[in-house]
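If you read the sequences in order, they're chains A and B.
Under our numbering, the first residue of the first sequence carries the number 98, and numbering increases by one thereafter.
Under our numbering, the first residue of the second sequence carries the number 50, and numbering increases by one thereafter.
We put the CB at the ideal spot given by N, CA and C, even for glycine.
From a predicted model like this one, the values you see are computed outputs, not experimental measurements.
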Amino acid sequence: MDQLTLISLSIAILFLPLLGFIVVILFGKRFEKLYMFEVGVITLTFLLSALLLVVKLTSYIDDKIQYAFTWIDFGNVPLIGSMQIDLGINIDNVTAIMLVVVNLISMLVHIFSIAYMKGDKRYNRYFAYLGIFTFSMLGIVITHNLLMMYIFWELVGLSSYLLIGFWYEKKSASDAAKKAFIVNRIGDIGFFLGILILFTHYKTFTFDTIFAQIAAGNLPFDSTGWLTAAGILIFMGAVGKSAQFPLHVWLPDAMEGPTPVSALIHAATMVAAGVYLVARIFVMLTADAMLVIAVVGGFTSFIAATIALTQNDIKKVLAYSTVSQLGYMVMSLGVGAYAFAFFHLVTHAFFKACLFLGSGSVIHAMHHEQDISEMGGLRKKLPITYYTFLISTLAISGVPLTSGFLSKDGILAGTWAFGSLTGHWLIPIFGFVVALMTAFYMFRLVILTFHGSPRNREKYDHTHESPFVMVMPLVVLSVLSIFIWYSPLPHDSEAGWFLSDWVRTPATVVPAEASFDFMISDNAANANHHITHSAKYTDAMHRIHYPAMILSEIMAGLGILLAFAMYQWRKIDPDKIADKFRGLYRFSLYKWYIDELYDEVFIKPTLTLSSANAWFDNKIIDGVVNGSAKITVFLSAISGWIDKYIVDGFVNFTALLSGFIGIIFRKLQTGKVQTYIVLVVFSVLILIFIISPF
Amino acid sequence: MNGFPLLTFLTFIPVVGMVIILMLPKEKTSFIKYTTLAATGIQVVLSAAMMINYNYGAGGVFEQASFQFIEKFRWIEIAGLSWLGTVKIDYFMGVDGISAPMVLLTSIVAFIATISSWNISHSLKGYFALFLLLDTGMMGVFVSLDFFLFYVFWELMLLPMYFLIGIWGGPRKEYAAIKFFIYTLFGSVFMLLVMIGLYFSAVETLADGSQVFTFNMLALMDSANYTADGILSPFNPANLRFIAYIALFVGFAIKIPMFPFHTWLPDAHVEAPTPISVILAGVLLKMGTYGILRISYPMFPEITRDLMWYIALFGMINIIYGALCAMAQRDFKKLIAYSSISHMGYVMLGMASLSTTGINGAILQMFNHGTITSMLFLLVGVIYDRAHTRGLNDFGGLATQMPVYTGFVTVAFFAAIGLPGLSGWVSEALVFVGSFGVELIRVLAMISTLGILLGAGYMLWTLQRVYLGKLNEKWKELTDLDGREYAMLVPLTIIIITLGIYPSLALDIMNTSVNTLVDLITTSAPKFLLSGM
């Protein structure tokens with residue numbers, strides 16, 4: 098298969114789900130069975146992407162296959178010269194793997210939903226939304242430039258909005274949808290500003306062109322500070338989408354959406370897009386930017402794990418665990434363990450999708466009960482769900498023989514190496530403590546849901562195992578959570594094809610003085626080798642590998658043991674502990690009060706400001722307008738009065754006066770000659786008197 | 050198309066329709082309606098013909114030769130009027146990349162507003178006659194290249210608009226109509242003064258070698274035409290051009306409307322009938338920004354450069370202030386009126402960048418705002434016709450009752466929010482690319498991005514309050530869209546989606562002219578004296 102065919106294939110993969118969306122949204126009302134079209138389309142998309150992956154890995158394993166076209170042509174721009182905006186696609190190994198992961202999970206979720214959503218009044222529309230989501234997500238994966246990344250980034254935001262608010266009759270659902278969109282927008286503004294920095298300087302959005310320019314020493318506005326800023330700002334997009342602190346608040350609320358949606362969008366794919374974005378810009382991250390990313394990721398994984406410890410809603414536990422695991426991936430990128438971050442993204446996608454679909458199976462069986470304090474003992478009723486759920490739980494806890502063990506172990510070793518090389522020990526501490534908490538809360542969830550005796554007998558009696566279309570995806574996903582798919586050795590991920598041949602850490606393009614020294618390869622020959630870090634880093638990783646593995650197993654074992662002691666064997670009473678650490682318990686239960694804080698600090702002031710603004714507009718600005726109108730009317734009244742009484746008054750007065758004088762002088766016109774003579778004589782006398790010189 | 054007076058037809062077809070309507074007896078209501086539809090329909094066809102024959106490579110802006118569809122002949126000629134000298138005014142029309150999108154927009158919006166006028170209930174004859182007169186005024190403004198002619202059309206719009214709001218409007222229609230009329234007149238008085246000032250400052254050399262004062266816009270863009278002692282001449286040491294620029298700007302700013310001259314807009318919108326709101330938001334608001342690009346920028350490039358920061362500042366204020374006000378509204382139409390103020394702020398911000406990306410974004414935003422906001426007003430009209438209320442808190446759950454309608458609402462709302470894939474985003478993004486790229490206004494651009502967030506806030510909140518949630522039992526009887534409503538919403542939706550996916554369709558029209566304009570203002574300015582730089 099030549100490259101052009103491969104490009105056409107990937108374009109077909111991208112647009113097929115869009116076709117599904119358009120057909121189903123337009124005709125879904127008319128044809129009841131049209132959802133099957135969407136399911137078929139996704140299945141085809143999956144098969145095509147599997148074919149693409151095979152071809153890519155067999156024929157073009159070291160190639161980047163790209164295709165671009167001019168989207169907007171600004172012609173000959175004054176002072177700049179010709180300027181275009183290009184869009185295009187890029188297929189490297191990471192892309193090809195992601196295409197398969199996204200399409201596989203999307204297909205399984207489609208199939209799962211056939212039974213799960215049965216009877217919903219907007220059944221077809223649900224599948225249409227899944228279609229547009231898949232399209233948008235594939236767009237993120239396949240892009241070769243920042244602008245298209247941003248476009249599809251917002252489009253997954255839209256599909257997320259539509260699907261979280263799918264049951265919009267519930268206020269909580271429409272609230273959650275709105276919150277998700279707006280919180281994501283905050284991150285996206287940062288993302289957009291980061292893109293603007295790069296575009297303003299390089300006049301292109303294309304990743305490779307920008308990276309080549311940076312590598313050639315052409316920095317944004319000629320400063321590493323701006324490069325750091327661009328990196329951190331673009332990372333803000335990931336903070337929103339991948340639910341990192343402080344923008345993580347939308348993800349737990351997003352559980353208002355149908356559970357298969359939570360599995361697809363809010364666990365496996367969309368929320369991992371942030372990690373994918375950071376991976377895409379990984380080579381241009383400066384040391385400062387990486388440190389910020391590592392700290393944000395580490396802190397997020399910690400905060401989310403502490404909250405997950407006490408939640409009683411099965412989906413909320415999983416949601417916080419997702420936040421925590423995403424924090425792991427982000428932290429991993431921050432410490433330079435690029436390959437492990439992507440590896441964990443893939444393994445997490447499978448086992449977390451399995452966990453969410455498993456919880457969906459439970460919720461379905463329990464007739465939409467999500468509270469684990471109402472469950473218990475479901476192991477006997479839902480055996481397949483139970484065992485698949487258990488395998489995935491082992492994977493997320495990092496127990497050997499699972500995929501999670503391989504990827505998590507690499508991340509923890511990476512943080513440890515980072516700590517020893519840079520002195521930032523807080524990050525590995527976050528990593529290992531979270532490993533313990535993860536194992537604990539996940540087994541707490543398993544035990545409270547499936548073990549022991551049922552706490553709500555009535556509901557328990559009505560449960561039964563889910564139909565085939567629902568358990569089949571669970572089985573597939575749990576099988577994918579076993580190590581063998583990724584590495585022949587259960588304890589050494591780097592021995593596996595995934596890390597040794599497929600996914601390689603790209604060499605950084607940041608100037609040496611702005612980068613961590615261990616990120617710069619000391620050996621030019623290493624550039625094609627899979628580890629492009631310095632020898633110092635490679636040594637540290639090798640030295641730390643086994644201690645890190647042992648420590649992480651101790652942590653996981655302790656967590657599991659503690660969970661069994663507290664919830665299975667009842668050796669320790671969890672309520673007593675909660676009582677003893679009342680403050681801490683409530684702090685965790687109420688999610689660190691972050692929502693309340695945001696409400697007080699951001700939402701209420703914004704609403705107040707907006708009312709104040711509207712008042713100002715209405716009373717002051719418009720007041721001035723109406724006031725000047727009133728003043729004009731008043732002035733015109735005055736001038737009217739003046740006109741009537743003064744100006745016209747003067748005119749009338751003049752007339753009046755002349756009339757008056759006339760009346761007086763008329764008296765003189767007597768018509769008698771004697772009177773006239775007397776008057777003449779007197780007048781002459783007066784004149785002589787006045788004129789005479791004496 | 051050579052020789053065919055396309056722009057004259059485009060401008061005066063509505064007047065022909067008006068004359069026909071005035072001759073009809075007023076009982077023939079459907080005949081009146083179809084006459085209007087035919088007139089605006091022919092306009093759409095003619096502007097499509099214009100686009101088919103359009104030369105994408107021609108710059109226009111200041112050069113007569115690269116304008117297209119030119120019509121120029123002597124209109125008014127008064128010989129030897131004492132000290133005034135000989136008055137010669139041309140009938141001069143033409144389009145370039147700045148006006149062509151506006152012509153297209155005007156014909157589309159007028160056609161759709163006609164469909165929306167179908168259910169106007171009383172005094173149909175007067176309504177449609179005035180409507181068509183308004184249409185001529187709007188079209189004339191966009192195609193005029195003579196300042197005098199421009200001014201005539203500019204004032205021509207005022208009268209029909211006044212009556213359309215004042216007679217067919219809502220409860221406070223008189224107040225709104227008078228406010229609109231006086232406010233706009235206030236602005237055009239400034240414009241008139243500047244126009245006369247410019248007239249006495251520049252001369253045009255005629256074929257016979259004699260020189261006369263001129264209203265020719267293109268002549269006014271060339272410093273070589275100004276006399277040494279003309280009152281607004283750049284050579285005049287008592288430089289009054291700055292004051293003239295401000296006066297002219299205020300005249301245009303009222304139309305945009307720019308803070309703090311914007312308060313006529315919410316009142317006018319709330320009281321105007323739906324189709325008039327559509328015209329107002331879709332076309333009339335663009336007059337202000339169009340005037341700035343067509344007149345202020347090329348005639349006063351040196352002052353434009355000096356004041357770009359302030360233009361950007363007011364753009365930023367419009368964006369954020371408008372969005373915050375919108376968030377506090379309880380009336381659906383008022384909310385959209387304030388969102389218009391916010392969205393027109395992007396146009397100003399883009400213009401202020403004086404860059405190709407920014408001005409392209411600004412003109413595209415003018416077009417997109419015209420289609421998106423028209424659609425929003427039509428959508429409000431749809432429920433207002435059925436429910437006779439526009440209170441945002443009176444509804445709830447309409448998505449269940451009117452799913453197709455809500456589908457259109459979702460498209461329009463997300464277009465207004467600036468969702469990629471829909472047209473509004475492209476122009477907003479270009480505005481930010483342009484304004485962020487200029488160091489002087491970079492900080493203003495960064496602050497303005499808050500508008501994106503606030504926009505999502507008030508739009509989604511509205512979506513939630515009106516359309517999501519449980520259906521309010523009161524509205525159980527509401528019906529979904531009918532055929533006429535489809536006819537007006539579908540074309541707009543298609544435009545919004547098409548331009549979102551392939552914006553070059555519109556950008557290619559304007560791009561050459563924008564480059565010419567940017568070149569005229571910013572670089573060595575071949576045509577204009579660089580006094581301020």
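Leaving aside the five residues that flank Ala-193/A on each side, the residues in its chain whose CB is nearer than 8 angstroms to its CB run, in chain order, Ser-146, Leu-149, Leu-150, Lys-153, Leu-154. Take Tyr-634/A, set aside five residues on each side of it, and the residues of its chain with a beta-carbon closer than 6 angstroms to its own are Phe-615, in chain order. For Ile-305/B, the closest alpha carbon among the candidates Phe-229/B, Ala-178/B, Leu-173/B, Asn-560/B is that of Phe-229/B. Exclusion of the five residues before and after Gly-407/B leaves Leu-398, Gly-399, Met-400, Ala-401, Leu-479, Val-480, Val-482, Gly-483, Ser-484, Gly-486, Val-487 as the residues of its chain whose Cβ lies within less than 8 angstroms of its Cβ.
Comparing alpha-carbon positions, the option among Ser-259/B, Gly-258/B, Leu-281/B lying closest to Leu-269/B turns out to be Leu-281/B. Taking 9 angstroms as the Cβ-Cβ cut-off, the stretch 408-442 of chain B approaches chain A at Asn-409, given in chain order. For Ala-128/B, no alpha helix (DSSP H) segment is defined, and its DSSP state is neither H nor E. Going by beta carbons, Leu-403/B and Thr-353/B fall inside the 9 angstroms limit. Secondary structure note for Met-142/B: its beta strand (DSSP E) is the uninterrupted segment 136-144. Partner residues in a beta bridge of Asp-719/A, as assigned by DSSP, do not exist. The straight-line gap separating the alpha-carbon atoms of Thr-459/B and Gly-506/B is approximately 14 angstroms. Cβ-Cβ separation between Val-372/A and Val-427/A: approximately 6 angstroms, consistent with a contact (criterion under 8 angstroms).
DSSP lists no bridge partner for Lys-174/B. Between the stretch 415-424 of chain A and the stretch 437-453 of chain A there are three or more C-beta pairs closer than 8 angstroms, enough to call the two in contact. The closest CA to that of Gln-100/A, considering only Leu-115/A, Val-120/A, Leu-144/A, Asp-189/A, is found on Asp-189/A.
Under a criterion of Cβ atoms nearer than 8 angstroms, no residue of chain B is adjacent to Ser-550/A; the nearest Cβ is some 38 angstroms distant. Excluding residues up to 5 positions away in sequence, Leu-314, Pro-315, His-318 lie with their Cβ nearer than 6 angstroms to the Cβ of Ala-386/B in the same chain.
Here the stretch 167-174 of chain A makes no contact with the stretch 207-215 of chain A; the two share fewer than three CB pairs at distances below 8 angstroms. Buried is the label assigned to Thr-512/A, since at least 16 other Cβ atoms lie within 10 Å of its Cβ.
Considering only Thr-231/A, Ile-177/A, Ile-239/A, the residue with the shortest C-alpha distance to Tyr-164/A is Ile-239/A. Per DSSP, Thr-167/A is one residue of the beta strand (DSSP E) stretching across 162-174. Using a Cβ distance threshold of 9 angstroms, Ser-500/A and Trp-594/A do not count as a contacting pair.
Inclusion of Val-380/A and Val-607/A in the CB contact set at 9 angstroms is warranted, their separation being smaller than that value. Every alpha helix (DSSP H) of 4 residues or more that sits fully in the stretch 423-472 of chain B is shown, in chain order, as 447-450, 452-466. For the alpha helix (DSSP H) assignment, the uninterrupted runs of no fewer than 4 residues enclosed by the stretch 404-491 of chain A are, from N- to C-terminal side, 411-431, 435-462, 475-478. Under a criterion of Cβ atoms nearer than 7 angstroms, no residue of chain B is adjacent to Phe-263/A; the nearest Cβ is some 11 angstroms distant. Identification of residues in the stretch 158-179 of chain A having a C-beta nearer than 9 angstroms to some C-beta of chain B yields Thr-167, Trp-168, Ile-169, Asp-170, Phe-171, Gly-172, Asn-173, Val-174, Pro-175, Leu-176, Ile-177, given in sequence order. Within the stretch 510-540 of chain B, those residues whose Cβ lies closer than 9 angstroms to any Cβ of chain A are, in chain order, Trp-510, Leu-512, Gln-513, Tyr-516, Leu-517, Gly-518, Lys-519, Leu-520.
With a 10 Å radius around the Cβ and a threshold of 16 neighbouring Cβ atoms, His-437/B comes out exposed. At a C-beta separation below 7 angstroms, Met-495/B has these neighbours in chain A: Leu-290. Exposed is the label assigned to Ala-709/A, since fewer than 16 other Cβ atoms lie within 10 Å of its Cβ.
Taking the C-beta atoms as reference points, Ser-563/A is found nearer than 9 angstroms to Thr-482/A.
Looking at the backbone, the Cα of Gly-109/B and that of Met-357/B are separated by about 23 angstroms. The C-beta of Asp-719/A comes closer than 9 angstroms to at least one C-beta of chain B. In its chain, beyond the 5 residues on either side, Ile-237, Thr-240, Leu-374 have a beta carbon closer than 7 angstroms to the beta carbon of Met-246/A. Rounded to whole angstroms, Phe-439/A and Ala-376/A show a C-alpha spacing of 8 angstroms.
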